[in-house]
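Presented below is the structure to which this report refers.
There are 2 protein chains.
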Amino acid sequence: MNRDYADVSMAVIRRLPKYHRYLKDLLDKEIYRISSRELSRMIGFTASQIRQDLNCFGGFGQQGYGYNVEELYNEISKILGLHKSYTTVIIGAGNLGQAIANYPSFMKYGFKLLGLFDVNPKLIGMKIRDIDIFDVDALEEYVIKNNVEIGIICTPKEVAQDIADKLTRANVSGIWNFAPIDIKVPGNVTVENVHLSESLFILSYLLNEKEYLNK
Amino acid sequence: MNRDYADVSMAVIRRLPKYHRYLKDLLDKEIYRISSRELSRMIGFTASQIRQDLNCFGGFGQQGYGYNVEELYNEISKILGLHKSYTTVIIGAGNLGQAIANYPSFMKYGFKLLGLFDVNPKLIGMKIRDIDIFDVDALEEYVIKNNVEIGIICTPKEVAQDIADKLTRANVSGIWNFAPIDIKVPGNVTVENVHLSESLFILSYLLNEKEYLNK
DNA sequence: TAGATTGTTAATCGATTAACAATC
DNA sequence: TAGATTGTTAATCGATTAACAATC
């Protein structure tokens, strides 16, 4: 349990939220014990892969028994850092910014939204579920003063890099980026992207896969 | 060029939208020629990987010269199926549904939104940029009648599977799913997921990576 | 032609799967 | 104890990188 997880591969990491979700479902169904084999059937990974994945972080199971759902859920929550809480701001209070602000699992898992920021004078001064929309000019100062840890970029791509620079200067540790651009940040800032159009294009590809065939 | 692309690995496919985006940027900057080496520097994949990737679909380059940006962009557009247009509906006209309805690259690349559907009587009858919000009870009939190809699920997770079943019965070919659940569909329907909370949890993990260390 | 850069094969690296001894 | 299932090593499979001959 006392190991450096920096060497666990991203392939494993990216599966963790899915384990987390399925374990939550099991808990909700009041199932408290699960084998890698049963989990495999539900989640679609091989049992072997599940055991390998979980073992990157410690021996959570018990031979002959399987895994204790609640314990495993709590461990994975901890690995994902969901036992802590985070201060966040959203930049860009348009449709997408508002959607994120209202996203249920956002609140549920300890992400605390302190404010939204926009350039649009019509939006500035309004509130989204009791949270103020501020002028984006005040962003840097606000982030510093309130020790904001995560900046969520929901702006058009043209200004995304500029916002990222401001966030970086104001010492955020992470950026959740929805703008369709690869923003550049120094090594001490972590960026996670949600590129919606890339996902849509993959769907488009898959729908056409069989057709491109004959030129 | 006359090959079955079904055997190209998903790892390659998932990089295509990124090539597409960078090539568009080059075109906008009026750069018409690029080598794998230069592209590598911009995009962050190795030059070797870029050449391998592109060669899965045909020899688009020229020895001693590199790639013609416009030609490559057009080819990748075609591979992604972006030369065609698609009819779509959005189910769930809340914040997220509305955000998607207004998403710029959505319109730009041939995805035609025919209607939104919701259960909320306050929303039914309203319009989002001239597009009607209908009662979700009318979904199945509407999809059949208008030959809708893609259903976009922006509902809470509780009803997502039911909506997916309706879409499947109404013969959509693809589903773009934003609900935090793995929906089940028959093999002839393609699903592409956007699991926002999974992405957020990864960010959370990365922020904590160094801390979990000492239990 | 000489220089540059692709297309493509071979080598390496990493991730997944299989197998089974350890053990609850 | 016997049965079940993990933890973990070894084998396989796939993806990335390196290298270079082909060729523009």
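Each protein sequence line maps, in turn, to chains A and B.
Numbered according to the numbering used here, the first sequence terminates at residue 215, and the numbering increases by one at each position without gaps.
Numbered according to the numbering used here, the second sequence terminates at residue 215, and the numbering increases by one at each position without gaps.
Positions of the beta carbon are idealized from the N, C-alpha and C atoms, including for glycine.
Is there a Cβ of chain A sitting closer than 8 Å to that of Ser40/B, yes or no?
Translated into the one-based positions of the second sequence, residue 40/B becomes position 40. Not one chain A Cβ lies under 8 Å of Ser40/B.
contact_flag[the segment 82–91 of chain B, the segment 141–159 of chain B] where n(CB pairs < 8 Å) is 3 or more
The answer is yes - the segment 141–159 of chain B touches the segment 82–91 of chain B, with three or more Cβ pairs under 8 Å.
Per DSSP, which residues does Thr87/A bridge with? Please list them.
Sequence index remark: in the first sequence, residue 87/A carries index 87 (1-based). Paired residue(s): Lys112/A.
Assign Lys24/B to one of three DSSP states: helix, strand, or coil.
Start at 1 with the first residue of the second sequence, and residue 24/B comes out as number 24. Residue state, collapsed to three classes: helix.
Of all the residues that make up the segment 181–195 of chain B, which are near chain A by a beta-carbon distance shorter than 9 Å?
Ile181, Asp182, Thr190, Val191, Glu192, Asn193, Val194, His195
Complete beta strand (DSSP E) runs within the segment 37–63 of chain B (minimum length 3 residues, chain order):
none
When Cβ atoms are compared, which residues of the segment 85–102 of chain B fall closer than 9 Å to chain A?
Tyr86, Gly94, Asn95, Leu96, Gly97, Gln98, Ala99, Ile100, Ala101, Asn102
Inter-residue Cα distance where the pair is Leu123/A and Pro104/B:
Numbered from its first residue, the first sequence carries residue 123/A at position 123. Numbered from its first residue, the second sequence carries residue 104/B at position 104. Computed Cα separation, rounded: 20 Å.
Does DSSP put Thr155/A in a helix, in a strand, or in coil?
As a first step, residue 155/A is located in the first sequence; it is residue number 155 there, counting from the start. If DSSP states are grouped into helix, strand and coil, Thr155/A belongs with coil.
Residue range of the alpha helix (DSSP H) that Asn193/B falls in?
To locate residue 193/B, count along the second sequence from 1; it is residue 193. It is not in any alpha helix (DSSP H) - Asn193/B instead sits in the beta strand (DSSP E) that spans 190–193.
At what residues does the beta strand (DSSP E) containing Asn177/B begin and finish?
Within the second sequence, the letter at position 177 stands for residue 177/B. Run containing Asn177/B: 174–177, per the beta strand (DSSP E) assignment.
With the cut-off set at 8 Å, would you say Ile144/A and Ala164/A are in Cβ contact?
Numbered from its first residue, the first sequence carries residue 144/A at position 144. Numbered from its first residue, the first sequence carries residue 164/A at position 164. No. Outside cutoff.
Sufficient close CB pairs (3 or more, under 8 Å) joining the segment 120–139 of chain B to the segment 53–71 of chain B:
no
Using a Cβ-Cβ cutoff of less than 7 Å, which residues in the same chain neighbour Ile31/A once the five nearest sequence positions on both sides are dropped?
Against the first sequence, residue 31/A aligns to sequence position 31. Hits under 7 Å: Val69.
Between which residues of its own chain and Ile131/A is the CB-CB distance below 7 Å, once the five residues before and five after are set aside?
Along the first sequence, read from residue 1 onward, the residue named residue 131/A stands at position 131. Here the set comprises Ala101, Leu113, Gly115, Leu116.
Taking the alpha carbon of Ile133/B as the reference point, which residue from Ile79/B, Gly97/B, Ile202/B, Ser35/B has its own alpha carbon closest?
As a working note, residue 133/B is residue 133 in the second sequence. The option with the nearest alpha carbon to Ile133/B is Gly97/B.
Could you check whether the Cβ of Ile13/A sits closer than 8 Å to any Cβ belonging to chain B?
Counted from its first residue, the first sequence places residue 13/A at position 13. Closer than 8 Å: yes.
Taking 8 Å as the threshold, find out whether the segment 72–81 of chain A comes into contact with the segment 134–142 of chain A through three or more Cβ pairs.
no
Within the continuous beta strand (DSSP E) that includes Tyr67/A, where are the two ends?
Here residue 67/A corresponds to residue number 67 of the first sequence, with the count starting at 1. That run of the beta strand (DSSP E) goes 66–68.
So the alpha helix (DSSP H) Ile100/B belongs to, where does it begin and stop?
As a first step, residue 100/B must be located in the second sequence, where it is residue number 100. Residues 95–101.
Counting C-beta neighbours from all protein chains within 10 Å, is the total for Asp7/B 16 or more, i.e. buried, or is it exposed?
Looking up residue 7/B in the second sequence gives position 7. Burial is judged here by how many other beta carbons sit within 10 angstroms of a residue's own beta carbon; Asp7/B has fewer than 16 and is exposed.
What residue does the alpha helix (DSSP H) around Ile13/B start on, and which one ends it?
Residue numbering aside, residue 13/B sits at position 13 when the second sequence is read from its first letter. 10–13 is the span of the alpha helix (DSSP H), which, as asked, contains Ile13/B.
Which residues in chain B have a C-beta closer than 7 Å to the C-beta of Ile202/A? List them in chain order.
Counting from one through the first sequence, the residue named residue 202/A turns up at place 202. In chain order: Ile13, Arg14, Pro17, Glu192.
Chain B within 8 Å of Arg33/A, Cβ atoms only
Residue mapping note: residue 33/A aligns to position 33 of the first sequence, counting from 1. With 8 Å as the cut-off, Arg33/A does not count as an interface residue toward chain B.
3 or more residues per run - each beta strand (DSSP E) lying fully within the segment 127–156 of chain A:
131–135, 150–153
Give the straight-line distance between the Cα atoms of Arg33/A and Leu39/A, rounded to the nearest whole angstrom.
Counted from its first residue, the first sequence places residue 33/A at position 33. Counted from its first residue, the first sequence places residue 39/A at position 39. Taking the straight line joining both Cα atoms gives about 10 Å.
Please compile the residues from chain A whose C-beta is within a distance smaller than 9 Å of the C-beta of Phe111/B.
Locating residue 111/B in the second sequence gives position 111, where the first residue counts as 1. The answer, in chain order, is Leu200, Ser204.
Beta-carbon contacts of Gly66/B that lie in its chain and below 8 Å, excluding the five residues immediately before and after
Translated into the one-based positions of the second sequence, residue 66/B becomes position 66. Only residues of its own chain outside the window of five on either side were considered, and among them Arg33, Ile34, Ser35, Ser36, Glu38 have a CB closer than 8 Å to the CB of Gly66/B, listed in chain order.
Can you grab the Cα-Cα spacing for the pair Lys78/A / Ser173/A, in whole Å?
Counting from one through the first sequence, the residue named residue 78/A turns up at place 78. Counting from one through the first sequence, the residue named residue 173/A turns up at place 173. Roughly 18 Å separates the two Cα atoms.
Indicate whether Ser204/B and Gly81/A have their beta-carbon atoms separated by less than 8 Å.
Working through the second sequence from its first residue, we reach residue 204/B at position 204. Working through the first sequence from its first residue, we reach residue 81/A at position 81. Going by C-beta atoms, Ser204/B is nearer than 8 Å to Gly81/A.
Who pairs with Ile76/B in a beta bridge, going by DSSP?
In the second sequence, the residue the question calls residue 76/B occupies position 76. Bridge partners of Ile76/B: none, in fact.
Name the residue from Gly64/A, His83/A, Glu158/A, Ile183/A whose alpha carbon lies nearest to the alpha carbon of Thr168/A.
Taking the first sequence and counting its residues from 1, one reaches residue 168/A at position 168. Answer by Cα proximity: Ile183/A.
Strictly below 8 Å CB to CB, what residues from chain B border Leu167/A?
Locating residue 167/A in the first sequence gives position 167, counting from the first residue. Within chain B, no residue comes near Leu167/A; the closest Cβ sits about 13 Å away, beyond 8 Å.
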